[in-house]
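Undergrad: Residue numbers (my numbering), protein chains in the order written: chain Y, 9 to 644; chain L, 830 to 1069.
After the structure tokens below, expect a handful of questions from me.
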Amino acid sequence: RLLGKRSLPEGAVNGIEIYSTKINCKVTSRFAHNVVTTRAVNRADTAKEVSFDVELPKTAFITNFTLTIDGVTYPGHVKEKEVAKKQYEKAVSQGKTAGLVKASGRKLEKFTVSVNVAAGSKVTFELTYEELLKRHKGKYEMYLKVQPKQLVKHFEIDAHIFEPQGISMLDAEASFITNDLLGSALTKSFSGKKGHVSFKPSLDQQRSCPTCTDSLLNGDFTITYDVNRESPANIQIVNGYFVHFFAPQGLPVVPKNVVFVIDVSGSMYGRKLEQTKDALLKILEDMREEDHLNFILFSSDVTTWKEHLVQATPENLQEARAFVKSIQDQGSTNLNDGLLRGISMLNTAREEHRVPERSTSIVIMLTDGDANSGESRPEKIQENVRNAIGGKFPLYNLGFGNNLNYNFLESLALENDGFARRIYEDSDANLQLHGFYEEVANPLLTSVEMEYPKNAILDLTQNSYQHFYDGSEIVVAGRLADEDMNSFKADVKGHGALNDLTFTEEVDLKETEAALKEREYIFGNYIERLWAYLTIEQLLEKRKNARGEEKENLTAQALDLSLKYHFVTPLTSMVVTKPEDNEDQTAIADKPGEEQAQAASQTSFSAYRTSYQPPLGSAASYQPPLGTPYYYVDGD
Amino acid sequence: PHFIIQVPEQDNAICFNIDEEPGTVLRLIQDPATGLTVNGQIIGDKKSSPDSATRKTYFGKLGIASAHMDLRIEVTTEKISLWNEVGRSTFSWLDTVTVTQDGLSMTINRKKNMVVSFGEGVTFVVILHQVWKNHPIHQDFLGFYVVDSHRMSAWTHGLLGQFFHPFDFKVSDVHPGSEPTKPDATMVVKNRQLTVTRGSQRDYRMDARAGTKVACWFVHNNGEGLIDGVHTDYIVPNLF
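Set out below in structure tokens:
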């Protein structure tokens, strides 16, 4: 009798077998370099289309994408967006297959590309992206989306972390790891400066059930870690570039004066208002007694809880809770007057010494729509708010849902030293609101200035911040004017809750450089790339509020750096051209902005690749006919 | 711990030891007028050295308080904490940081020392003495120096504070002692006659590792006769 082991179907789906997917992450001093490689083979008798999907963080920049077909590699080239667009349009107009990459979602952007692969051929997709991991609530978080379309023989996430300050904690969690079986595929370890996370499930471990052929790997994979902080700052210098990380610990929280400027217009009716109230009630629980607060509600009119800011005493908080519970929606959106009332209240409180001398003021505005009552011209509102705040404190804008001009809110916040955050309409909107508050609830320092020796530094990234928040980190990078200098000194000045502080960090250049030469872990010029990443990010941010010549200059600088360092930013695209059937096939990787991502999600774009056949005889000057979907989404 | 009292008028110095159990807190300075108080807590070696009859003791924790500013500074060999009515700031000896507020300036020089000034005229320096972490006997300890006390009042007291006012002493009858290099003598101070021994102690302000030798007349028995009362009078229950 022949005994045979029943072989479970595995591998090929519709003729395509994805036999390997590897996510290789190398993090050096918070700068993450991730390479996603997928290998597939066409087992069918005919040519087949193979897709490659990767979701990457919005804060990341793609730096490379290559296609390798039967051993021949087609590299990606970063080009100015206009140049790439022309190339793309040309390919489309000639009826050739054109791939496109775009984005959507809360934290992620989606990169999708497909190619036709001949029968029996192998294809390798390799996407590289880089990002600077930001510290939130005391830890850095690296977020990976895992969603293979089929069981993969060799599936692996391999993350190596190298932190010169030493790693204090390291954890990795996956939303889909629900049983011990899959848990055994995950290993995490750290010692000294090095950390390692490996997730390598076998084929059987990937099955959603013992006899299933679909994968249970579907969800979020998150690596979190933090570094040792024996000293408040750390400066690293390699090849003439430096990075300065600053995150002091052990300082008391500066008392804060917060006005919550809340949109209660009719559109907030229902779940949105209930979630806002839930979040405000939770925020009230977190208030410290030395804090001061008030609520400004705006609809067609403006109403306030109290005439002035009041201290967060237990009695006042009790009263505040009752007030929040009583909030009702009504009327339209007079955002301008709401904001101005809140700002004026903070200014008056300071002038009349109603708040502690050593305290800091914050405006948090939440709206779900555009201004349509009172002053509704965005430029005028910006001017009014700018003049009223006068650079004295930050404004944070929370945009609830999609029916609003997010760019306006972002612009308004950025020019007043704050930032905007989108609150996604979902069951967890209250948690998103509360989570945002937690980020800004604990200022440890105000008016933070990072000072470096004059004439010794070039191309410095932003070095002054209104606040340093507990659990966050300030990162400044720059270039040394003289690479042969022996020592380097940085002073960080700030106002604390009790006193003024000046932290001094002095480093010996040779010693630092020698200490960082652990070649095995460091990808060459990481500080230079970190500097370029940060500079581009800040130039793009500044550009949002710039006009005319200033905007042109900022654009030119950001574009120049994007091209030089091979970053796909909102100003550039990556073009991969491969000859196919003696014709060109072009794939483009783009970086969409917030508005485009939203637009895309609203119009439910699901295909990122088109294979237009233009009307006969019109190939050279083809324009898509009216009503025909046009698959190019500009990221800028 | 050892105490050195420099008497510039006589270009000389007096020194004495206080031997007490680890954990004991001693009052070093107390000035009711300025509201400044400095106390020090004693620590000992990890264990007695095989060639020493007694266990050596040092200061392991210092408490500096200003009643007028409602401010406290606790210095240990690990960290420096600063309190006022609003809250606490904590710094490490790995920081180089200057903290300023009305009437206070405090600078920590990474792994070396800490300089605290209360306005013009009162400046203390705390020296961090670090030893090899795995040393079988010794452990890190602190040194405390008063570099400026001219704004402290005439009512200042404490093991160090009582010597901020001008005082006089006379040494006579220098004669050989039990050790050939350390002659004994008779000292008249505060209307008392004491037998003292010529010796030396080290000032570590300039060089925390090697220090600078300071020749001094050593007063035996926990400074008995030199200090007002007896040393146990300076034991206080808490650092603050």
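Don't be surprised by glycine CBs; every beta carbon is placed ideally from N, CA and C.
Let me know if Y/Tyr137 comes out buried or exposed under the rule of 16 or more other beta-carbons within 10 Å of its beta-carbon.
TA: Per the 10 Å Cβ criterion, buried.
Undergrad: Assign Y/Thr36 to one of two classes, buried (16 or more other C-beta atoms within 10 Å of its C-beta) or exposed (fewer than that).
TA: It counts as buried.
Undergrad: Quick check on Y/Pro172 - is its C-beta less than 8 Å from some C-beta in chain L?
TA: Not closer than 8 Å to any Cβ of chain L, the Cβ of Y/Pro172 fails to qualify, so no.
Undergrad: Please list, in chain order, the chain L residues whose beta carbon lies closer than 9 Å to that of Y/Asp508.
TA: Per Cβ cutoff of 9 Å: Thr927, Val928, Thr929 and Gln930.
Undergrad: Beta-carbon within less than 6 Å of Y/Leu403's beta-carbon, same chain only, minus the 5 sequence neighbours each way: which residues are those?
TA: The answer, listed in chain order, is Val371, Ala421, Asn424 and Gly426.
Undergrad: Quick one, which of Y/Gly248, Y/Phe444 and Y/Pro263 has its alpha-carbon nearest Y/Leu538's?
TA: Closest by alpha carbon: Y/Gly248.
Undergrad: In chain Y, what lies closer than 7 Å to L/Asn913 by C-beta?
TA: Chain Y residues near L/Asn913: Leu506.
Undergrad: Quick check on L/Thr906: does DSSP put it in helix, strand or coil?
TA: Reduced to three states, the DSSP call for L/Thr906 is coil.
Undergrad: Kindly list, in the order they appear in chain L, the residues whose Cβ is closer than 8 Å to that of Y/Gly238.
TA: Reading off the sequence shown, one finds Glu at residue 238 of chain Y, where the question assumed Gly. The contacting residues are Ser921 and Leu923.
Undergrad: Under 9 Å Cβ-Cβ, which residues of chain L neighbour Y/Gly258?
TA: Lys908, Ser910, Arg917, Ser918, Thr919, Phe920 and Ser921, listed in chain order.
Undergrad: Measure the beta-carbon distance from Y/Val58 to Y/Val131 and round it to whole angstroms, keeping in mind my assumption that it falls under 8 Å.
TA: Between Y/Val131 and Y/Val58 the Cβ distance is about 5 Å, and since that is below 8 Å, they are a contact.
Undergrad: Quick one: is the Cβ of Y/Lys30 within less than 7 Å of any heavy atom of the ligand PLP?
TA: The ligand content of the structure shown is nil, which means the ligand PLP is not present either.
Undergrad: Of all the options Y/Ala554, Y/Phe253 and Y/Val456, which has the alpha carbon lying nearest to the alpha carbon of Y/Ser419?
TA: Ranking the options by Cα distance to Y/Ser419, first place goes to Y/Ala554.
Undergrad: For the segment 1034-1054 of chain L and the segment 939-956 of chain L, state whether three or more C-beta atom pairs, one from each stretch, are separated by less than 8 Å.
TA: Yes: the two stretches touch, three or more of their Cβ pairs being nearer than 8 Å.
Undergrad: Expressed to the nearest angstrom, what Euclidean distance is found between the alpha-carbon atoms of Y/Asn590 and Y/Asp516?
TA: Confidence in Y/Asn590 is poor, its pLDDT being 42 and thus under 50, which makes the residue's placement too unreliable to answer from.
Undergrad: What's the C-alpha gap between Y/Phe250 and Y/Gln173?
TA: Cα-Cα distance, rounded: 15 Å.
Undergrad: I want to verify the contact list: residues of chain L whose CB lies under 9 Å from the CB of Y/Glu519, in sequence order.
TA: None at all; the shortest Cβ gap to chain L is about 14 Å.
Undergrad: Any idea if L/Pro1066 is buried or exposed, counting beta-carbon neighbours within 10 angstroms, 16 or more meaning buried?
TA: So L/Pro1066 ends up on the exposed side.
Undergrad: Residue range of the alpha helix (DSSP H) that Y/Phe198 falls in?
TA: Element bounds for Y/Phe198: not the alpha helix (DSSP H) but the beta strand (DSSP E), Leu194 to Ser199.
Undergrad: Counting contacts by CB-CB distance shorter than 8 Å, is Y/Phe427 in contact with chain L?
TA: False, the Cβ-Cβ gap to chain L never drops below 8 Å.
Undergrad: Can you find the residues in the same chain that come closer than 6 Å, C-beta to C-beta, to L/Trp922, ignoring five residues on each side of it along the sequence?
TA: Excluding residues within five positions, the ones whose Cβ falls inside 6 Å are Lys940 and Leu957.
Undergrad: Go through its chain and collect everything with a Cβ distance to Y/Glu164's Cβ below 6 Å, but skip five positions before and after it.
TA: Closer than 6 Å at Cβ, skipping near neighbours: Lys30 and Lys208.
Undergrad: Kindly indicate if chain L contains any beta-carbon less than 8 Å away from that of Y/Tyr616.
TA: At Y/Tyr616 the pLDDT is 26, less than 50, meaning the model places this residue with poor confidence; the figure from the coordinates comes in the next sentence. False, the Cβ-Cβ gap to chain L never drops below 8 Å.
Undergrad: If I follow the unbroken beta strand (DSSP E) through Y/Phe645, where does it start and stop?
TA: Residue numbering for chain Y in the displayed model covers 9 to 644; residue 645 of chain Y lies beyond these limits and cannot be assessed.
Undergrad: Along chain L, in chain order, which residues have C-beta atoms closer than 7 Å to that of Y/Glu481?
TA: Result: empty, since nearest Cβ-Cβ is about 16 Å, beyond 7 Å.
Undergrad: Look up Y/Gly84 in the DSSP assignment and say whether it is helix, strand or coil.
TA: Y/Gly84: strand per DSSP, three-state reduction.
Undergrad: With DSSP collapsed to three states, give me the class of Y/Val91.
TA: In the structure shown, Y/Val91 sits in a helix (DSSP, three-state: H, G or I).
Undergrad: For Y/Pro65, which residues in the same chain have their Cβ closer than 7 Å to its Cβ, ignoring the five residues on either side in sequence?
TA: Counting only Cβ-Cβ distances below 7 Å, and skipping sequence neighbours, we find Lys115, Leu116, Glu139 and Tyr151.
Undergrad: Could you check if L/His897 is buried or exposed, using at least 16 other CB atoms within 10 Å of its CB as the buried criterion?
TA: Counting Cβ neighbours within 10 Å, L/His897 comes out exposed, since fewer than 16 surround it.
Undergrad: Quick check: what's the CA-CA separation for Y/Ala572 versus Y/Glu90?
TA: It should be pointed out that residue 572 of chain Y corresponds to Lys in this sequence rather than to Ala. Distance between the alpha carbons of Y/Lys572 and Y/Glu90 is about 17 Å.
Undergrad: Tell me, which residues are paired with Y/Tyr233 by DSSP?
TA: Y/Tyr233 is bridged to Y/Tyr148 and Y/Leu178.
Undergrad: Just how far apart, CA to CA, sit Y/Asn395 and Y/Asp294?
TA: For Y/Asn395 and Y/Asp294, the distance between alpha carbons rounds to 31 Å.
Undergrad: Can you have a look at Y/Ser192 and say buried or exposed, based on whether 16 or more other CB atoms are within 10 angstroms of its CB?
TA: Counting Cβ neighbours within 10 Å, Y/Ser192 comes out exposed, since fewer than 16 surround it.
Undergrad: Would you call Y/Cys217 buried or exposed, if buried means 16 or more other Cβ atoms sit within 10 Å of its Cβ?
TA: Its Cβ having fewer than 16 others within 10 Å, Y/Cys217 is exposed.
Undergrad: Could you tell me whether any Cβ in chain L is nearer than 8 Å to the Cβ of Y/Phe511?
TA: Output row for Y/Phe511: interface = yes.
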